[in-house]
Amino acid sequence: MRVSLLVVLAALAAVVPSAAGGFAVADQLSAYGWLVIDTRTVHLVIAGAASFFSALVSGVGAAQLDRVFQVAITGRHPVHRPVRAPSPAFGAVLCLFSSLVLFLGTVLPDQTISGVTFTLVNVNDPSSLWPGVIGWWIPIVLLALVSAGTLIWTATKWRFVSGGMLLAFGVGLLTAFISPFIYTPTSAGPGGVIGTVGGALATLGGLLAVLRAKPK
Amino acid sequence: MVARFDAKLRPLMATEAVAPNSWRATRAVIPISWLAILAAPVLALVTSGTTRLLALAVWGLALVLFTASTTYLWLVVQADTEAEEREVQSYS
């Protein structure tokens, strides 16, 4: 997948509006009483997920259009140019990054960094274990680990086409930075979104790496 | 640019036996659905009741239509690429 400016802009353009839509969905579900756990954290997670999914749809669609445009404008089919395969250390670094944001977002109790309070799970309060830890933290950690393992395995067998991973990385990172500021940080605020996005980022990167890889 | 796009891609669509109406519909759906992806969720946030439900429905529909239409175009071009590669291989 060749990543052009068109693809990056299309993906980024969908991030903020879709987060707004995610909040609307959460509010609506809450109004119907369909949210089993109706907390601000859950609303944030829904908004983050909607933002991420919509950016993915927009970015992938733009990538497909980009290819069609190339044929239409130049009359030539684009050529796949596989790049040099990253070392397995790339997967490890991605995993480390995911673990770091998860740690910052979920484990540190009542820490305020640059005015943002990272307090999703209070380790001294067992009642905060659900949904904070069991609900989504463990699944996200597992996803991140599976993702990193997949990346490492893929790097041993296949040649990466890195565009998809770069797209996932860029969109995920931007979402992580924007999300805390589009909703008032609270005691159950931005950490969850950052942690979720970090894990989802690694997972998506791993999936795309496999889907877009070519044999060595 | 749209005219050039149309002129170049229409013959390609013809070789893949795509009906002209399908081509025209696809070409129209892509920009409309993408704009809906950007506008509908914001509308959903600032409204309530039936309007909000309608906006959310439009958002979901736009996501599906955008994905379907861009994938459809991409698959057509992909099929053409593969046919071209087979043709080159048959010469060699």
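Sequence order for the protein chains is A and B.
Here the first sequence is numbered in the working numbering, starting from 2 and rising by one per residue.
Here the second sequence is numbered in the working numbering, starting from 444 and rising by one per residue.
Where a beta carbon is used, it is the ideal one built from N, C-alpha and C, also for glycine.
Since we're looking at a predicted model, the values are computed, not measured.
Return no unless some Cβ of chain C is closer than 8 Å to the Cβ of residue i.
i, result
"Val472(B)", "Here the protein chains are A and B, and chain C is not one of them."
Can you tell me the Cα-Cα spacing of residue i and residue j, whole angstroms?
i, j, result
"Thr494(B)", "Ser533(B)", "58 Å"
"Val61(A)", "Val37(A)", "33 Å"
"Ser88(A)", "Gly492(B)", "Model confidence at Ser88(A) stands at a pLDDT of 41, short of 50, so the residue's coordinates are unreliable; what they give is reported in the following sentence. Going from the Cα of Ser88(A) to the Cα of Gly492(B) covers about 53 Å."
"Ser188(A)", "Val472(B)", "In this prediction, Ser188(A) scores a pLDDT of 40, lower than 50, which makes its location untrustworthy; no coordinate-derived value is stated."
"Thr42(A)", "Ala48(A)", "10 Å"
"Gln71(A)", "Leu30(A)", "42 Å"
"Leu496(B)", "Glu527(B)", "47 Å"
"Gly136(A)", "Thr40(A)", "Note that Gly136(A) has pLDDT 44, beneath the 50 cutoff, so the model's placement of it is unreliable and the number below is only indicative. Straight-line Cα distance between these residues: approximately 13 Å."
"Ala15(A)", "Ala511(B)", "17 Å"
"Leu518(B)", "Leu486(B)", "33 Å"
"Leu504(B)", "Arg529(B)", "37 Å"
"Leu45(A)", "Ala522(B)", "41 Å"
"Val531(B)", "Val8(A)", "30 Å"
"Arg470(B)", "Glu525(B)", "23 Å"
"Ala468(B)", "Ile480(B)", "18 Å"
"Ala90(A)", "Ala482(B)", "The pLDDT assigned to Ala90(A) is 44, lower than 50, so where the model puts this residue is not dependable; a value taken from the coordinates is nonetheless given after this. One C-alpha to the other measures close to 41 Å."
Is residue j closer than 8 Å to residue i when the C-beta atoms are compared?
i, j, result
"Ala27(A)", "Leu488(B)", "no"
"Gly23(A)", "Ala50(A)", "yes"
"Ser55(A)", "Leu506(B)", "yes"
"Trp466(B)", "Phe509(B)", "no"
"Ser52(A)", "Ala11(A)", "no"
"Pro474(B)", "Pro18(A)", "no"
"Val501(B)", "Val69(A)", "no"
"Thr513(B)", "Leu13(A)", "no"
"Val499(B)", "Ala25(A)", "The amino acid at residue 499(B) is misidentified as Val; the sequence shows Leu. Contact: yes."
Give the residues from the segment 484-518 of chain B that approach chain A closer than 7 Å (Cβ to any Cβ), ordered along the chain. Pro484, Val485, Ala487, Leu488, Arg495, Leu499, Trp502, Leu506, Phe509, Thr510, Thr513, Thr514, Leu516, Trp517
query = Residues in the segment 7-33 of chain A with C-beta within 7 Å of chain B's C-beta atoms, listed in sequence order?
reply = Ala14, Ala15, Pro18, Ser19, Ala21, Gly22, Phe24, Ala25, Val26, Gln29
* In chain order, what residues of the segment 46-68 of chain A put their CB closer than 7 Å to some CB of chain B? -> Ser55, Val58, Ser59, Gly62, Gln65, Leu66, Arg68
In chain order, which alpha helix (DSSP H) runs of at least 4 residues are fully inside the segment 461-521 of chain B? 463-489
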